[in-house]
């Protein structure tokens, strides 16, 4: 079955430290992959996306993610975390079968806390 | 930001009453989705639409119905609300199926 897994429910990092949030996928074919961020009481905002090609993708707010086919992973990274990055992060995947089939599958999210 | 408006933003209703949530978009995107978000479950797809009057079920469609009579509007109806439907509901839109989706601000529904 298709799935997207975020192994870490909650991560705490110090401000200025580097960050890596994990995402693993299970699909029959290479999916489209996305990272979203959700601040409290808000909707989800797209951070970055991977469709094909270069496996290192850049997003907004200084985030990047690397697609690794051999590890079925799409981990999100940021070199230096800011207090405003505290939020919940969702990885999502989808496969375009054409027509109307299929849908985006979301991981259960990783909540990021930032220590001063 | 994508032009997506959800209404109402908050609603408290009683068990057994019908409830309709509205999603309105100004982007002319073909695909529209309704998700619910619950702690520990992430986002789960309820129903989606791939065109006017074209809809299909998602992962958790029981107890919900949808309608799309115009490109810009996608309605989610709880025919007889239950406490298990207390949740935050998000509408999303996309130009192409399974590519990046843009989300509304959400509707917090409480069924008492």
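Protein chains in written order, with this note's numbering: chain A, 49 to 164; chain B, 8 to 119. Using N, Cα and C, we set each Cβ at its ideal position, and we do this for glycine too.
- For residue 108(B), a Cβ of chain A is located within less than 9 Å of the residue's own Cβ.
- Annotation: residue 130(A) is outside any beta strand (DSSP E) and is labelled neither H nor E by DSSP.
- For residue 36(B), no CB of chain A lies under 9 Å from its own CB, so it is not counted at the interface with that chain.
- Sequence-distant partners of residue 19(B) (beyond 5 residues in either direction) whose C-beta falls short of 6 Å from its own C-beta, in its chain, are 117.
- Counting C-beta pairs with one atom in each stretch, the segment 38-45 of chain B and the segment 79-94 of chain B have three or more that are closer than 8 Å, which means they touch.
- The DSSP-derived three-state label of residue 86(A) is strand.
- Look at the beta carbons and you see the segment 97-114 of chain B touching the segment 92-100 of chain A: at least three pairs across the two are nearer than 8 Å.
- Looking at the DSSP output, residue 140(A) shares a beta bridge with 82(A) and 154(A).
- Listed in chain order, the beta strand (DSSP E) elements of length 3 or more contained wholly in the segment 41-87 of chain B are 49-58, 61-64, 71-77 and 80-85.
- Residue burial annotation: residue 24(B) is exposed, with fewer than 16 other C-beta atoms found within 10 angstroms of its C-beta.
- Beta-bridge pairing by DSSP links residue 70(A) to no other residue.
- With respect to residue 93(B), residue 28(B) sits apart: the two C-beta atoms are not nearer than 9 Å.
- At a C-beta separation below 7 Å, residue 55(B) has these neighbours in chain A: 151.
- In this structure, the straight-line span from the alpha carbon of residue 87(A) to that of residue 134(A) is close to 8 Å.
- Between residue 62(A) and the set 152(A), 143(A), 127(A) and 138(A), the nearest pair of CA atoms involves 127(A).
- Counting every other CB atom within 10 Å of its CB across the protein chains shown gives residue 103(A) a total below 16, marking it as exposed.
- Inclusion of residue 53(B) and residue 30(B) in the CB contact set at 9 Å is not warranted, their separation being larger than that value.
- Excluding residues up to 5 positions away in sequence, 82 lie with their Cβ nearer than 6 Å to the Cβ of residue 74(B) in the same chain.
- Burial is judged here by how many other beta carbons sit within 10 angstroms of a residue's own beta carbon; residue 32(B) has at least 16 and is buried.
- Taking C-beta atoms under 8 Å as the contact rule, residue 141(A) and residue 52(A) qualify, at a distance of about 5 Å.
- Within the same chain, Cβ atoms closer than 6 Å to the Cβ of residue 56(B) are found at 39, 62, 75 and 81, the five residues on either side in sequence being excluded.
- Within its own chain, the residues whose Cβ lies closer than 8 Å to the Cβ of residue 16(B), once the five positions on either side in sequence are excluded, are 112, 113, 114 and 115, listed in chain order.
- At least one C-beta of chain A is nearer than 9 Å to the C-beta of residue 47(B).
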